[in-house]
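*Asks:* Here the sequence shown is numbered in this note's numbering, starting from 457 and rising by one per residue. Quick reminder that beta carbons are idealized off the backbone N, C-alpha and C, glycines included. Only a predicted model underlies this, so the values are computations on that prediction, with no experimental measurement involved.
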Amino acid sequence: RSNLPMIDALERHARALGFSTRRQAWTDPAGVPKANLIASRGGETGGLALVGHTDCVPFDRDWSGALRAEEREGKLFARGAADTKAFIAAALEAASRTTAGPLQLVFTADEEVGCLGARKLVDEGAFRPRYAIVGEPTRLIPVLGHKGYCLAEIAVHGAEGHSAFPETGASAILAAGRLLGEIERIGAHVGLIQGGKAKNIIPGLCTLTVEWRPLPSQDLRQVLRLVEDACARLTSDRIRFEVTPQRLDRGVLVPPDAQIVRFVQNASRRDPETIPFGTELPYLTALGAEACVFGPGDIRVAHRTGEFVPLDELQKAVDILAAAIDRLATSKL
457 RSNLPMIDAL ERHARALGFS TRRQAWTDPA GVPKANLIAS RGGETGGLAL VGHTDCVPFD
517 RDWSGALRAE EREGKLFARG AADTKAFIAA ALEAASRTTA GPLQLVFTAD EEVGCLGARK
577 LVDEGAFRPR YAIVGEPTRL IPVLGHKGYC LAEIAVHGAE GHSAFPETGA SAILAAGRLL
637 GEIERIGAHV GLIQGGKAKN IIPGLCTLTV EWRPLPSQDL RQVLRLVEDA CARLTSDRIR
697 FEVTPQRLDR GVLVPPDAQI VRFVQNASRR DPETIPFGTE LPYLTALGAE ACVFGPGDIR
757 VAHRTGEFVP LDELQKAVDI LAAAIDRLAT SKL
C-alpha cells in the first residue's frame, strides 16, 4: 500500500517544527504511489541526518491491534513499533528539543523490499549530510556494519513429456534437485522453488531463488560465479540453466573510531557491534556520510505478531538523538 498518508502526517509535523520539506515521489510497478520525505533545517548538506523508513512488513490478520498502538507493561505494541516507527517518533521529538543545524530528517519508502527509497536518494545525489544515524531496532547499540545482500533467480529448462514415458522428456525439477546439492555445498540459501504443471507431466521448467550475504570485504559476484560454474557442469543436451542476478548489494563496515560511532557509543554506553540483517546504511555511506545504525527496540521481535518497543528505550533514544543533534548537526561538509 501507499506510504503517502504517513508522509503527509510526518510532513505536517516537520513543518510545525520549522523544517523545510520536499518529496521524492514515484509510482511503483504495481501502480502504487510512494514517496521519500526530506525535511531540513539549515540545508541538505553537512550536519546530521536522522533516517528512518516508513514502511513495514505485512501482519497476521488475527492480530486485530496491529495498526493501533497499545501501551501495556512498559511497552508499546503495534506493527512497525520497533521497525522503525519508534525511531521516527524519537527523531521528531529530539529535533523539537534543539535548534541546531544543519539537520535533516529523512523518511524513506520501501526499505523492506530492497531499500528502494534509499536508492533514490543516492540516484538523485542532492542530499549530502556529513553524519547520519540510520534508524533500526538495535537495542540502543551502535552498529557499524553488516553483510551485503545478493539474490539471483535460476530457471532450469528441461523438456515436457508424459510421465508414463520418461524418455520423452527431461525433468527440470530433477535437474534442479541436482543443482540444489551444489548450492548447498557452496553455502548459499534457496528460499523459493517452483515447478511443474501436473503430477503426470514431466516438468519442463523449474525456478529457484538463491540468496547469499557477502561480507563487506568479499566480491559480490564470487558466489554467483560458483553457482554459474555448477550450472555449467550440470548442463546437458536436454537440460540448460539460466541464471539472472536480481540484487547485488554490498556490505558495509564503518571504522570503529569514526566520530559518529564513538559519539553514540559514549552516549549509549554500549560497545559497537555488527548485525546479520541489511539496512539503509550502505546508501548513506555512498552519499559520503559518516554513518551508523542505531535505535530502540529489538529486531528479534520485529516482523512478527506482538511486535513492541520498550518505552524506556524509546525515551533513552530521544535523549541520545537530541544530544547527537547538538553535537554533530553543527558540522559542515
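Give me whichever residues DSSP pairs with N492 in a beta bridge.
*Replies:* To locate residue 492, count along the sequence shown from 1; it is residue 36. Q480, per the DSSP bridge assignment.
*Asks:* Going along the chain, which residues of its own chain have a beta-carbon closer than 6 Å to the beta-carbon of E568, five neighbours each way excluded?
*Replies:* Along the sequence shown, one-based indexing puts residue 568 at 112. Closer than 6 Å at Cβ, skipping near neighbours: D511 and V513.
*Asks:* For S458, does the three-state DSSP call read helix, strand or coil?
*Replies:* One-based indexing of the sequence shown puts residue 458 at position 2. Reduced to three states, the DSSP call for S458 is coil.
*Asks:* Of the choices T761, P711 and A779, whose alpha-carbon is the least far from that of C748?
*Replies:* As a position in the sequence shown, residue 748 is number 292, starting the count at 1. The option with the nearest alpha carbon to C748 is P711.
*Asks:* According to the neighbour-count rule (16 or more other Cβ atoms, all chains shown, within 10 Å of its Cβ), is T483 buried or exposed?
*Replies:* As a working mapping, residue 483 is identified with position 27 in the sequence shown. That one is exposed.
*Asks:* Classify E609 as helix, strand or coil using the three-state DSSP reduction.
*Replies:* Residue numbering aside, residue 609 sits at position 153 when the sequence shown is read from its first letter. Strand.
*Asks:* Compute the distance between the beta-carbons of G762 and F543, then report whether it is under 9 Å.
*Replies:* Position 306 of the sequence shown, counted from the first residue, corresponds to residue 762. Position 87 of the sequence shown, counted from the first residue, corresponds to residue 543. No; because the gap between Cβ atoms is not below 9 Å, this pair is not in contact.
*Asks:* Do A632 and C662 have their C-beta atoms closer together than 9 Å?
*Replies:* Here residue 632 corresponds to residue number 176 of the sequence shown, with the count starting at 1. Here residue 662 corresponds to residue number 206 of the sequence shown, with the count starting at 1. A contact, by the Cβ cut-off of 9 Å.
*Asks:* Exposed or buried, which one is T700 when buried takes at least 16 other CB atoms within 10 Å?
*Replies:* If you number the sequence shown from 1, residue 700 lands on position 244. Exposed: under 16 other Cβ atoms inside 10 Å.
*Asks:* Report buried or exposed for E592, applying the criterion of at least 16 other Cβ atoms within 10 angstroms of its Cβ.
*Replies:* Stepping through the sequence shown from its first residue, residue 592 is reached at position 136. By the neighbour-count rule (16 or more Cβ atoms within 10 Å), E592 is buried.
*Asks:* Name, in chain order, the residues that DSSP records as bridge partners for G617.
*Replies:* Position 161 of the sequence shown holds residue 617. In the DSSP output, where bridge partners are listed per residue, G617 has I658.
*Asks:* Just how far apart, CA to CA, sit A620 and I657?
*Replies:* To locate residue 620, count along the sequence shown from 1; it is residue 164. To locate residue 657, count along the sequence shown from 1; it is residue 201. Distance between the alpha carbons of A620 and I657 is about 9 Å.
*Asks:* Rounded to whole angstroms, how far is the Cβ of D566 from the Cβ of K490, which I believe are closer than 8 Å?
*Replies:* In the sequence shown, the residue the question calls residue 566 occupies position 110. In the sequence shown, the residue the question calls residue 490 occupies position 34. D566 to K490, Cβ: 6 Å. Contact.
*Asks:* Between the segment 773 to 784 and the segment 551 to 563, can you find at least three pairs of beta-carbon atoms closer than 8 Å?
*Replies:* Yes, the segment 551 to 563 touches the segment 773 to 784.
*Asks:* Within this structure, are the beta carbons of Y587 and L504 separated by less than 9 Å?
*Replies:* Numbered from 1 along the sequence shown, position 131 holds the residue referred to as residue 587. Numbered from 1 along the sequence shown, position 48 holds the residue referred to as residue 504. Yes. Within cutoff.
*Asks:* Please return the same chain residues whose Cβ sits closer than 7 Å to the Cβ of L789, not counting the five positions on each side in sequence.
*Replies:* By 1-based counting over the sequence shown, the position of residue 789 is 333. Caution is warranted here: a pLDDT of 48 is assigned to L789, below 50, making its placement in the model unreliable, and no coordinate value can be reported.
*Asks:* Nearest to L743 by CA position, among L460, V578, A481 and H509, is which residue?
*Replies:* Here residue 743 refers to the residue found at position 287 of the sequence shown. Looking at the Cα atoms, V578 is the closest of the given residues.
*Asks:* Can you tell me which of the three DSSP states T564 falls into?
*Replies:* Start at 1 with the first residue of the sequence shown, and residue 564 comes out as number 108. The answer is strand: DSSP assigns T564 an E or B state.
*Asks:* So, with DSSP's three-state summary, where would you put E746?
*Replies:* Sequence index remark: in the sequence shown, residue 746 carries index 290 (1-based). Of the three classes helix, strand and coil, the one that applies to E746 here is strand, per DSSP.
*Asks:* Report buried or exposed for H618, applying the criterion of at least 16 other Cβ atoms within 10 angstroms of its Cβ.
*Replies:* Looking up residue 618 in the sequence shown gives position 162. H618 comes out exposed.
*Asks:* Nearest-angstrom Cα distance between R783 and I716?
*Replies:* The sequence position of residue 783 within the sequence shown is 327, counting from 1. The sequence position of residue 716 within the sequence shown is 260, counting from 1. If you take the alpha carbons of R783 and I716, they lie about 10 Å apart.
*Asks:* If you reduce the DSSP assignment to three classes, tell me which class H469 lands in.
*Replies:* The count along the sequence shown starts at 1 and reaches residue 469 at position 13. Helix at H469.
*Asks:* What beta strand (DSSP E) runs, 3 residues minimum, are completely inside the segment 538 to 597?
*Replies:* Counting whole runs of 3 or more residues, the segment 538 to 597 contains the beta strand (DSSP E) stretches 559 to 564 and 587 to 591.
*Asks:* Among R524, A779, V708 and F697, whose alpha-carbon lies nearest the alpha-carbon of V720?
*Replies:* As a position in the sequence shown, residue 720 is number 264, starting the count at 1. When only C-alpha atoms are compared, the closest one is A779.
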